[in-house]
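Residue numbers (my numbering): -9 to 87.
Below is the structure:
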C-alpha cells in the first residue's frame, strides 16, 4: 500500500538533537508545508474534541503557542461498532481544533 507521495531527500524531523527515521518513526503528510519550526511539542492523540461522545484529546491541555502533534484518522478506525463509526469517517476526521 502506497502513501501517494514520496519524501524528498531533505525531509527530516529532529527532536532534542535526535533525527527521527522518516521511514519507520514518523511520516509527514502529503500536505505538509516546507519550513522549520521550533517550540514546545504537545501530543494530542487524534486531536479530537467530541462532546457528544464525551471524548476530548485536548482536555486539561493548553496548546496555545505549542506545536501540536497528532495521529491521523479517528479512534477505532477499523471497528464498525466504535462510537466514531469505525470504517465510516465522522465529522471529526480532519477537523481543525
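Every residue, glycine too, gets a C-beta built ideally from N, C-alpha and C.
By the 16-neighbour rule on beta-carbons within 10 angstroms, residue 74 is buried. Counting of Cβ neighbours within 10 angstroms places residue 44 among the exposed residues, the total staying below 16. Annotation for residue 25: no residue places its beta carbon closer than 6 Å to its own, counting only its chain and skipping 5 residues before and after. Counting the other Cβ atoms within 10 Å of the Cβ of residue 35 gives fewer than 16, which makes it exposed.
Classified as exposed, residue -1 has fewer than 16 neighbouring CB atoms from the shown chains inside 10 Å of its CB. The three-state reading of DSSP puts residue 2 in coil, since its state is none of H, G, I, E or B.
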